[in-house]
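Asker: Read top to bottom, the protein sequences are chains U and C. Heads up, the first sequence is in my numbering, so the first residue is 1 and it goes up one at a time. Heads up, the second sequence is in my numbering, so the first residue is 1001 and it goes up one at a time. Just so you know, even glycine gets a beta-carbon here, dropped at the ideal spot from N, CA and C. Being a predicted model, the structure only gives us computed values, none of them experimental.
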Amino acid sequence: MLERIEEIRAEAGAAIEAAASSAELEELRVGFLGRKAELTTILRGIAELPQEERGQVGGAANRARKELEELLEARAESLDSSELEAQLGSDRIDVTLPGAPPRPAGHPHLIARTTRLIEDTMVGLGCHVAEGPEIEHDYYNFTALNHPPGHPARMLQDTFYVQSHPDVLLRTHTSPMQVRSMENQPPPIFVVVPGKVYRRDSDATHSPMFHQVEGLAIAEGITLADLQGTLLAMCRALFGADRELRLRPHFFPFTEPSVEVDVSCFQCGGSGELAGGERCNLCKGQGWIEILGAGMVDPNVLGFVETHGYDAEQVQGFAFGIGVERVAMLRHGVPDLRRFFDNDVRMLEQFS
Amino acid sequence: MRVPLNWLREYCDPAIDPAELADRLVMTGTEVERLETIGPSSAEGFVVGRVLEREKHPKADRLSVCKVDTGDGERTIVCGAPNVDAGQTVAVVLPGATMPGGMKIRKAKLRGIPSEGMILSAAELEIAEEADGIMVLDDGPAPGTPLSEVLPLGEPVLEIEVTPNRSDCFGVHGVAREVHAITGAPLAADPWAEDAPADGDGEVTDYASVAVAVPELCPRFTARVFTDVQIGPSPAWLQARLAAAGQRPINNVVDITNYVMLLTAQPLHAFDLDKVPDGELVVRTAGEGEKMTTLDGVERSFDAETVLVCDRSGPSGIAGIMGGQSSEVSEATTRVLLEVACWNGTNILRTSRLLGLRSEASSRFEKQLHPELTMRAQRIASRLLVELCGAKLVPGTIDVAAEIPSPRRLPLRAARVGGLLGMEITQDEQKTYLERLGFEAEAAGEDLEVLVPPDRHYDVTREVDLIEEVARVHGIDEHLPTTLPATGGAIGGLNREQRLRRRAEDALRDHGFDQAVGWSFTGPGEAERLRIPADDPRAKPVLLANPLSEEQSAMRTTLLGSLLDIASRNAARGAGNLALFESTRVYLDGEGEFAGDRPSPYSEPHRFAGIAVGSLSPRSWRGGGEAADFFAVKGVLEALATQLGVEMEFAPVEQPFLHPGRSASISIADSVAGWLGEIHPLVCRTWHLDAAVGFELDAAPLTAAASLGEESYEDVTTFPAVYQDLAVVVPAETAASEVRAAVLAGGGELLHAAEVFDLYEGEQVGADRKSLALNLEFRAADRTLTDEEVAGLREAIKAKLDEIGGTLRE
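(1) Measure the CB-CB distance between M1423 of chain C and L1480 of chain C and report whether it falls below 8 Å.
(2) So, does the CB of A100 of chain U fall closer than 8 Å to a CB anywhere in chain C?
(3) Would you say G309 of chain U faces chain C, with C-beta separation under 8 Å as the test?
(4) Taking a cut of 7 Å between CB atoms, which residues from the region 243-256 of chain U lie near chain C?
(5) Enumerated in chain order, which unbroken segments of the beta strand (DSSP E) with a length of 3 residues or greater are wholly contained in the region 1211-1236 of chain C?
(6) Between the C-alpha atoms of G195 of chain U and A1704 of chain C, what's the straight-line distance to the nearest angstrom?
(7) Under 8 Å, do I1016 of chain C and C1079 of chain C count as touching if we go by C-beta distance?
(8) Check the Cβ of F1513 of chain C against every Cβ in chain U and list those closer than 8 Å, keeping chain order.
(9) Measuring straight from C-alpha to C-alpha, what distance separates R1622 of chain C and Q1643 of chain C?
(10) Residues of chain C with a CB under 7 Å from the CB of M155 of chain U: which are they?
(11) Determine the direct distance from the alpha carbon of L1564 of chain C to that of E1550 of chain C, and round the result to whole angstroms.
(12) Check whether the region 1214-1224 of chain C touches the region 1369-1380 of chain C, counting contact only when three or more Cβ pairs, one atom from each stretch, lie closer than 8 Å.
(13) Note down, one range per segment and in chain order, each alpha helix (DSSP H) of at least 4 residues found wholly within the region 69-135 of chain U.
(14) Measuring only between beta-carbons, confirm whether V197 of chain U sits less than 8 Å from chain C.
(15) Residues in the same chain with beta-carbon distance under 7 Å from P1095 of chain C, minus the five sequence neighbours each way, listed in chain order, please.
(16) Taking the runs of the alpha helix (DSSP H) that are 4 residues or longer, which of them lie wholly in the region 1049-1121 of chain C?
(17) For I118 of chain U, which residues from the same chain have a beta carbon less than 6 Å from its beta carbon, with the 5 sequence-adjacent residues on both sides left out?
(18) Going by the beta-carbon positions, is the gap between F252 of chain U and R200 of chain U smaller than 8 Å?
(19) Is M296 of chain U helix, strand or coil when you go by DSSP?
(20) Would you kindly work out how many angstroms separate the C-alpha atoms of A64 of chain U and A19 of chain U, rounded to a whole number?
(21) State the beta-bridge partners of D1447 of chain C as determined by DSSP.
(22) Using a C-beta to C-beta distance shorter than 7 Å, which residues of chain U count as neighbours of L1564 of chain C?
(23) Could you check if Y1713 of chain C is buried or exposed, using at least 16 other CB atoms within 10 Å of its CB as the buried criterion?
(24) The beta strand (DSSP E) with N1775 of chain C in it runs from where to where?
(25) Using a Cβ-Cβ cut-off of 7 Å (strictly less than) and excluding sequence neighbours within five positions of L71 of chain U, which residues of its own chain qualify?
(26) Within 10 angstroms of its Cβ, does H1173 of chain C collect 16 or more other Cβ (buried), or is it exposed?
(27) If you measure beta-carbon to beta-carbon, which residues of the region 1404-1428 of chain C are closer than 8 Å to chain U?
(28) Taking 8 Å as the threshold (beta carbon to beta carbon), is L1588 of chain C in contact with chain U?
(29) List, from N- to C-terminal side, the beta strand (DSSP E) runs of 3 residues or more that fit wholly inside the region 1539-1595 of chain C.
(30) Please list, in chain order, the chain U residues whose beta carbon lies closer than 7 Å to that of A1632 of chain C.
(31) On the CB-based measure, 16 or more other CB atoms within 10 Å of its CB, does L1759 of chain C come out buried or exposed?
(32) Taking Cβ-Cβ distances shorter than 7 Å, what residues in chain A pair up with M1027 of chain C?
(33) Just reading off the alpha helix (DSSP H) that R4 of chain U is part of, what are its end residues?
(34) On the DSSP bridge assignment, give the partners of Y1602 of chain C in chain order.
(35) Along chain U, which residues have their Cβ under 8 Å away from the Cβ of E1468 of chain C?
(36) Taking only the alpha-carbon atoms, compute the straight-line gap between V1473 of chain C and V315 of chain U and give it to the nearest angstrom.
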């Protein structure tokens, strides 16, 4: 009996070693270790053997079975990996075909992107972002901004009014939020106000709807020099670290003193001439580009919010308004204001 | 305002290059739009000549052959002008000189006769716009005298844009004062200091009378009378000045009124006194619809706020804007009534705008001139009328004046100057600048007491206005330090809603939508094109009283219309696949939530809206490119919701502009916040689109519900979750959301998530039934769930599904 077990073990061992496929190996497993296999029959018949043989035969059969199981497993592993290699070898793709395109990302509108840039710059300088109504009371848009009753800007030719409400209009600038913000919060106040504004004008350089960002800073001891520093920081963020500013005295009803602000041309570096010696087309040879209007908030404006803690003898500050379209046109070379509102996707997709 | 430099120099000559002067003006607050030169760029070769002989050209009827003395001898010049004659003193250009425009003068033969130079017309010298013939100069200057000594040649002209507060700079003298202030060059004596001798007969009241019925609209009306007036052309110097300043010379009297206005900024008007019945003038408002014909030959009709200057026979001029034809000065005029008045600026502006009639006079009066300025103009004009027209000034001035504002006194505190500007200007400097500008300034300790001159009375009304004056003359660009404000620890930033709105915009972009910026205004017919019924609030937009066009006369109540407009335009340009969104406001009835004591007149909710036309997924060799449908866009909104940490619920809804079976309301926190759906085919047709899917969502509920940025940690590692799939068979009409709700209800707190991942309709589940497959995640925070617990939960789910007619498919 013991010899027979040894014979089975040897025969099976050789057959397992010689097996050429997983299927063949499975046949061998059934043949040598299955329910009807000889070794299985031996193990099943152990109980019927004489007492003295049982231990020896049982031990040998169990050892043989365990050994064969291990051999089968080892051979299966080796066959698996060689079969996988063979399979992979026949699995070929054309790696030169285009990849599967992900859904392409959309594009920000230049106006939105530029507005964010200005907001973020001013946030960095300590401002909050405030938003106000576009359909506004005459009071906030004109009266509280020191525009006398007959001021030309109030005329029907320049300002859109709402039907049936003669004192309600489409704001002509983001400045109405100056007084609204001050009513809402005692000084110190540092805010920027982005948004749509409207003027009754339409040609290549005027759009009836456009966008501004207003800045307002009121506290004790804020000076015109502080305005210059703030605008310099903003203009450098928008147009490059080498930019210089030029403040020209001007007139606005709601600031005093008022200034118009020029930034040194970033195309010619302020010389007015390009490398080849021809006149710079961006600044028209001036070296400077007019960029915004600003000034120290007029005491009359503060007078409208005196009861909210704005005493012109105690606090003072500056305001400015910058045109978003103008900044975007300069930064990106957009030639015509109207392009922004055409929303031609061929233009939208140029800016990411 | 055109300021000829030679005229300016008569009052203040800073002896600097014109371009440098222009620069200084710009940097001190006087906008110079252009610096141009009229006439020849060099005066070389332009001389005075005398015509000694004139003969007809033997071969040409219209040409004359002239012998001209040009100082260096006699020369022959062929001239085409009809008015040339022997004995005339004329302007001659010699060979070698360059004409305005660049043409070089050479010796030439004209029809066989050699010509050495040219006799010039005013137009050729750019002194006048047109000319009938050569310019005949006053006798006096010797032949050969450089022409530039007689006429302004190559005159630089500053074109100034005057800011509305500076009415004084609408006159050459005002600009001269400004130049004096910023350069320190001496200012000549006031040109109005000296009056004309009054040699006429009688008293002015013997000739004329003035009654002002509306003193609030006419603060002052002065009139003088001149007799023995000889009408004729003005002398060349005066004509040249007017031409350089952009005014056409007419006759000496009219030219003088224009000249004095250009000098002082105070407009004047001359009447032919003999055409004013009995010399009686009345200033009154018009009757509604009253008419008259103005100097430009147009008959105009007035409203009751228009102020007229009338004589007994009716209106003779619109106050401060334009005179009438009835009493116009003509060749035959011998007696002149000179009106110099002061009008209410707001009224003049109003009338001028209403009539669409703006004149040199009205553009000055509308800035509000001071009543004092009238007599300045009277004096200068009187002298010129006497000198240039041989007129006799009748003694006396008719002067009908309401109360003249008393001079303004203002303090200027040293501490405020430095404190507001952030730069120091010494008291001496302040005093100097103000005095140069015509203010009187007296030291009071460190501060100044300042008296405002009349021509700055309405502009400089407060201390801060004085601070501006000293700052700009001192030089802001040159001296102002660059500092940053002390923000006192203020920390800037976006608020929560603003941050989340940006995130939502970014999310829509990330999912393939291009951002658009559409017009806030639309046409009132948009609602109808969107099939919105007339009684829907969205069909009742805020309307503008004065739109630029019907198509821009209503404020939009939905963002869909302009998105369709934009999509349609792009489709017409050949774009096949479009995904566009807007993030902006609509305008509705109600009050908005904005800062400020007064509520906003309307509600302006911020919205996100999008439209997809064609495919959202790019086509490739592996597929893709299928047209976007309801679910394609819903998936984008769900992704947006996930990114913001918001639960969105979708339920069937009908919107007039949407496909009735493929449209949903979007709810957030149990309130409807927007809509989603395939655009109604009829609406698509109106916009020339094949198909489109859109959505519109209020920003406020979205951002209010968002958990983004405020998430709390959840332990998912200590106790593992159990994942199971569930197939549920329900009646075909049962909504997936209903099934999901039943499953979640059955699973209770331990059912962490249940998502539909498959839908089957077909034989295996029978007709009118469908099978939904859900993926379930069971999880307990404090223990590992046992198989028995999960089995119990499945039983509970089964019971809940039973209630809606659902069964589990094993």
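Answerer: On the basis of the data shown:
(1) Yes. Within cutoff.
(2) Chain C contact via Cβ: present.
(3) For G309 of chain U, the answer is no, since every Cβ of chain C falls outside 8 Å of its Cβ.
(4) Those residues of the region 243-256 of chain U placed with their C-beta closer than 7 Å to a C-beta in chain C are R246, L247, R248, P249, H250, F251, E256, ordered along the chain.
(5) Counting only runs of at least 3 residues, the region 1211-1236 of chain C fully encloses the following beta strand (DSSP E) elements, listed from N- to C-terminal order: 1220-1227.
(6) Near 22 Å, if we compare the C-alpha coordinates of A1704 of chain C and G195 of chain U.
(7) No. Outside cutoff.
(8) Simply G106.
(9) If you take the alpha carbons of R1622 of chain C and Q1643 of chain C, they lie about 29 Å apart.
(10) By Cβ distance, chain C contributes R1353.
(11) So the two alpha carbons sit approximately 18 Å from each other.
(12) In short, these stretches touch, since the Cβ pair count reaches three.
(13) Taking only runs of at least 4 residues, the alpha helix (DSSP H) segments lying wholly in the region 69-135 of chain U are 110-124.
(14) Not an interface residue.
(15) Apart from the 5 residues on each side of it in sequence, P1095 of chain C sits with its Cβ closer than 7 Å to the Cβ of I1105, R1106, K1107, E1116, G1117 in its chain, given in chain order.
(16) As far as the region 1049-1121 of chain C is concerned, it has no whole alpha helix (DSSP H) run of at least 4 residues.
(17) Exclusion of the five residues before and after I118 of chain U leaves V213 as the residues of its chain whose Cβ lies within less than 6 Å of its Cβ.
(18) Result no, Cβ atoms of F252 of chain U and R200 of chain U do not sit closer than 8 Å.
(19) In the structure shown, M296 of chain U sits in a strand (DSSP, three-state: E or B).
(20) Between the alpha carbons of A64 of chain U and A19 of chain U lies a gap of roughly 19 Å.
(21) Answer is C:A1444.
(22) Ordered by position in chain U, no residue passes the 7 Å Cβ test against L1564 of chain C, which lies about 12 Å from the chain.
(23) It is exposed - the Cβ of Y1713 of chain C has fewer than 16 other Cβ atoms within 10 Å.
(24) Its beta strand (DSSP E) spans residues 1769-1778.
(25) Result list for L71 of chain U: G13, I16, in chain order.
(26) By the neighbour-count rule (16 or more Cβ atoms within 10 Å), H1173 of chain C is buried.
(27) Correct list: G1419, L1420, L1421, G1422, M1423.
(28) No, its Cβ sits nowhere closer than 8 Å to a Cβ of chain U.
(29) Listed in chain order, the complete beta strand (DSSP E) runs (minimum 3 residues) inside the region 1539-1595 of chain C are 1578-1585.
(30) Close partners of A1632 of chain C in chain U (Cβ separation under 7 Å) are lacking, with about 10 Å as the shortest Cβ gap.
(31) Counting the other Cβ atoms within 10 Å of the Cβ of L1759 of chain C gives fewer than 16, which makes it exposed.
(32) Checking the listed chains, one finds no chain A in this structure; the protein chains it contains are U and C.
(33) First-last of the alpha helix (DSSP H) with R4 of chain U: 2-18.
(34) Answer by DSSP bridge pairing: none, since Y1602 of chain C is not bridged.
(35) Below the 8 Å Cβ cutoff, chain U contributes P249, E256, P257, S258 as neighbours of E1468 of chain C, in chain order.
(36) Rounded to whole angstroms, V1473 of chain C to V315 of chain U spans 25 Å at the Cα level.
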